[in-house]
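Trainee:
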Amino acid sequence: MSFTSNSATSYDLSGVERARKWIAGPKSLLIGGKWLPAVSGKTLDTVNPATEEVLTTLAEGDAADVDAAVDAAEAAFNARSWHGISPHQRTKTLLRIAETIDRNAAELAAIETLDNGMPLWFSTAVVAMAADVFRYYAGWPTKIMGSTVPTDDSTFIYTLKDPVGVCGLINPWNVPLLLVPTKIGPALAAGNTVVLKPSELAALSTIRLAELIQETDLPPGVLNVVTGYGQTVGEAISTHSRIDKVSFTGSTAVGKRILQASAGNLKRVTLELGGKSPNIIFPDADIERAIDAAVNGFTRNSGQICSSGTRLFVHESIHDEVAERVARITAARKVGDPLDPANFLGPVVSGTQLSRVMSYIESGGGDGATLMTGGERIEGKGYFVQPTVFSGVTNAMKIAREEIFGPVVAIIPFRDEEDAIFQGNDSTYGLAAGIWTKDISRAHKVARALKAGRIWINTYGESDPVMPFGGFKQSGIGREFGAESLAAYTENKSVQVRF
Ligand code: NAD
11 MSFTSNSATS YDLSGVERAR KWIAGPKSLL IGGKWLPAVS GKTLDTVNPA TEEVLTTLAE
71 GDAADVDAAV DAAEAAFNAR SWHGISPHQR TKTLLRIAET IDRNAAELAA IETLDNGMPL
131 WFSTAVVAMA ADVFRYYAGW PTKIMGSTVP TDDSTFIYTL KDPVGVCGLI NPWNVPLLLV
191 PTKIGPALAA GNTVVLKPSE LAALSTIRLA ELIQETDLPP GVLNVVTGYG QTVGEAISTH
251 SRIDKVSFTG STAVGKRILQ ASAGNLKRVT LELGGKSPNI IFPDADIERA IDAAVNGFTR
311 NSGQICSSGT RLFVHESIHD EVAERVARIT AARKVGDPLD PANFLGPVVS GTQLSRVMSY
371 IESGGGDGAT LMTGGERIEG KGYFVQPTVF SGVTNAMKIA REEIFGPVVA IIPFRDEEDA
431 IFQGNDSTYG LAAGIWTKDI SRAHKVARAL KAGRIWINTY GESDPVMPFG GFKQSGIGRE
491 FGAESLAAYT ENKSVQVRF
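One point on numbering: in the numbering used here, the residue at position 428 of the sequence shown is 438, and numbering is uninterrupted.
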């Protein structure tokens with residue numbers, strides 16, 4: 011599955027009206043199967059980043075609401091209403107969730123677009139993948155199994171895979187509809203109960219999806235949703251003594267905080283953090299394909315993707331030619347209203363994010379990189395920025411070292427294979443990497459040498475739940491997707507019988 015183009019996708023604009031109708035009116039917390047206001051009665055505004063208009067209000071939860079959600083999740087876990095039932099039944103429920111996403115796809119995609127500015131072509135693809143992720147995890151409940159262990163005749167030893175318990179799941183704003191199934195899919199498949207916290211900047215699609223999930227037969231209390239700020243709700247989740255596991259996707263800075271906070275009761279921790287991924291083009295590559303994928307690799311979702319290929323390494327013999335072509339294609343990518351299918355890029359998520367992106371663009375120019383295209387904020391309402399290409403960048407510059415999380419690429423020349431590997435690995439991050447070459451031996455050699463959790467050869471940015479995802483170094487701890495993700499939501503128990 012790849013999210014690469016806005017040209018081939020068909021759009022269902024009928025969802026926009028339904029989305030606007032649903033968005034009107036304040037939103038609540040989901041606790042124990044009921045939609046409730048925050049205990050404090052507080053609310054917070056959520057804004058459309060394309061227009062800067064307030065869309066609606068979210069309940070501003072805090073530690074008291076997290077306590078109530080944990081009570082509900084713990085009660086559901088102890089009642090065995092979910093992990094005590096047949097695994098076939100859990101499969102059926104997860105499939106029902108996938109079906110309800112498919113049935114409501116146009117509305118969900120439009121909610122995401124209005125709330126976080128994701129272009130409709132992209133949110134449409136994300137919703138389709140969200141359903142597929144639930145379908146993938148629906149296959150697992152009947153396949154999570156322990157083993158028998160060889161012993162002498164006097165004893166019998168076997169292992170069981172238990173669910174961990176109550177899981178606190180914290181998400182960022184960049185692709186909420188994909189990250190909800192990525193977290194609750196394996197948690198629920200393994201029999202856990204959850205307290206889910208979406209980002210305060212883009213919580214609406216999570217709330218709508220939770221409403222739709224409530225209409226399936228998932229028992230009350232198995233899924234709880236608490237909206238609010240990181241410093242209150244997020245902190246309460248990561249420090250909570252009755253939450254057994256925390257899985258967090260977001261920035262490396264907050265990830266480190268969560269790891270420390272989790273030490274209180276030794277929570278199991280999964281962290282999916284930032285990246286500064288190298289995308290390496292060797293001179294023997296299919297240059298046209300490589301360039302097209304490179305541009306998609308940093309402009310999709312306005313560069314607000316953790317695995318964006320933001321360090322584009324190009325062999326010195328073709329650096330200038332590739333930089334020219336990347337700039338030409340990038341300049342032709344339309345930026346504007348994310349509901350208009352003609353636009354490849356929408357706004358970035360907030361004014362703060364826009365200022366951050368602009369300050370990195372300034373630092374690129376100041377450090378001596380060559381601005382090939384873009385570099386300007388688009389004036390008027392909304393947080394729009396031109397997709398921006400810098401060439402002649404060195405790996406020591408700030409724009410090559412720090413995650414920008416905007417549509418900005420740093421093109422960096424390299425000398426040879428060894429230099430590409432050295433520079434590619436010269437980063438505090440290690441989330442993803444791309445390799446473009448027709449030489450199959452080189453491709454595998456370089457893949458083996460790069461320190462990154464996901465490597466693409468002659469493609470970039472594809473995603474499939476069968477393929478584990480996660481980071482080396484400061485890009486995270488643990489893996490999502492694939493069998494590894496189920497292991498992260500289970501405890502191993504060994505049982506011995508003496509005859
Ligand atoms: P963020 O770290 O600011 O926030 C993420 C979530 O954490 C939000 O829900 C926020 O409210 C909460 N939070 C903030 N402070 C907290 C605290 N002290 N304790 C607990 N929770 C807290 O990240 P963001 O700006 O929303 O998202 C962008 C970041 O997410 C980027 O760095 C990006 O690379 C990363 N990301 C990583 C992946 C991945 O799979 N590796 C995927 C998507 C995004």
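C-beta atoms are modelled at their ideal positions from N, C-alpha and C, and glycine is treated no differently.
Note that the structure is predicted; figures quoted are calculated from it, not measured.
Is histidine 116 buried or exposed, if buried means 16 or more other CB atoms sit within 10 Å of its CB?
Mentor: What sits at residue 116 in the sequence shown is alanine, not histidine. Alanine 116 should be labelled buried.
Trainee: Inspect the beta-carbon positions of alanine 303 and glycine 492 and report whether they are closer than 9 Å.
Mentor: Taking C-beta atoms as the reference points, alanine 303 and glycine 492 fail to come closer than 9 Å.
Trainee: Going by the C-beta, is phenylalanine 132 closer than 8 Å to any heavy atom of the ligand NAD?
Mentor: The answer is no for phenylalanine 132.
Trainee: Helix, strand or coil: how does DSSP classify arginine 90 here?
Mentor: coil
Trainee: In terms of residue numbering, what span does the alpha helix (DSSP H) encompassing serine 473 cover?
Mentor: Serine 473 -> no alpha helix (DSSP H), and no H or E assigned at all.
Trainee: Closer than 8 Å to a non-hydrogen atom of the ligand NAD - does that hold for the CB of proline 208?
Mentor: yes
Trainee: Answer with buried or exposed for isoleucine 450, where buried requires no fewer than 16 other C-beta atoms within 10 angstroms of its C-beta.
Mentor: exposed
Trainee: Per DSSP, what kind of secondary structure is serine 272 in: helix, strand or coil?
Mentor: helix
Trainee: Beta-carbon separation of alanine 200 and proline 230 under 9 Å?
Mentor: no
Trainee: Going by beta carbon distance, what residues of the same chain come within less than 6 Å of lysine 448, once the five residues before and after it are set aside?
Mentor: Excluding its 5 nearest sequence neighbours in each direction, lysine 448 has C-beta neighbours in its own chain below 6 Å: Asp294, listed in chain order.
Trainee: Could you check if cysteine 316 belongs to the surroundings of the ligand NAD, using beta carbon to heavy atom distance under 8 Å?
Mentor: yes
Trainee: To the nearest angstrom, report how far apart leucine 118 and glycine 195 are at their CA atoms.
Mentor: Computed Cα separation, rounded: 18 Å.
Trainee: Closest by CA to isoleucine 301, which one among Lys277, Leu269, Glu326, Ile339?
Mentor: Of the listed residues, the one whose Cα sits closest to isoleucine 301 is Ile339.
Trainee: Output the boundary residues of the alpha helix (DSSP H) element that contains isoleucine 524.
Mentor: With the chain running from 11 to 509 in the structure shown, residue 524 is simply not present.
Trainee: What's the gap between the Cα of alanine 18 and the Cα of glycine 319?
Mentor: Residue confidence for alanine 18 is low, a pLDDT of 44 falling below 50, so the modelled location carries little weight and cannot support an answer.
Trainee: Quick one: what's got a C-beta closer than 6 Å to lysine 503's C-beta in the same chain, skipping five residues either side?
Mentor: Leu170, Asp172
Trainee: Ignoring anything shorter than 4 residues, give me the alpha helix (DSSP H) runs that lie fully in the segment 105 to 164, in order along the chain.
Mentor: 115 to 126, 130 to 148
Trainee: Does the beta carbon of glutamate 494 fall short of 8 Å from some heavy atom of the ligand NAD?
Mentor: Every heavy atom of the ligand NAD is 8 Å or more from the Cβ of glutamate 494, so no.
Trainee: Report yes if the C-beta distance between alanine 379 and valine 403 is below 9 Å; otherwise report no.
Mentor: yes
Trainee: Classify histidine 325 as helix, strand or coil using the three-state DSSP reduction.
Mentor: strand
Trainee: What residues in its chain sit with their C-beta under 7 Å from that of threonine 500, if we drop five residues either side in the sequence?
Mentor: Ile154, Lys171, Asp172, Pro173, Val174, Ala200
Trainee: Contact check, isoleucine 95 vs leucine 65 under 8 Å by CB: the rounded distance?
Mentor: With a Cβ gap of about 38 Å, isoleucine 95 and leucine 65 do not count as contacting.
Trainee: Which residues share a DSSP beta bridge with proline 173?
Mentor: Thr500
Trainee: On the DSSP letters alone, give me the boundaries of the beta strand (DSSP E) that serine 401 sits inside.
Mentor: In the DSSP annotation of this structure, the continuous segment of the beta strand (DSSP E) that includes serine 401 starts and ends at 398 to 401.
Trainee: Where does serine 55 land, buried or exposed, given buried means 16+ other C-beta within 10 angstroms?
Mentor: The displayed chain sequence assigns aspartate, not serine, to residue 55. Looking at its Cβ environment, which holds fewer than 16 other Cβ atoms inside 10 Å, aspartate 55 is exposed.
Trainee: Going by DSSP, name the residue or residues bridged to tyrosine 439.
Mentor: According to DSSP, tyrosine 439 bridges with Lys483.
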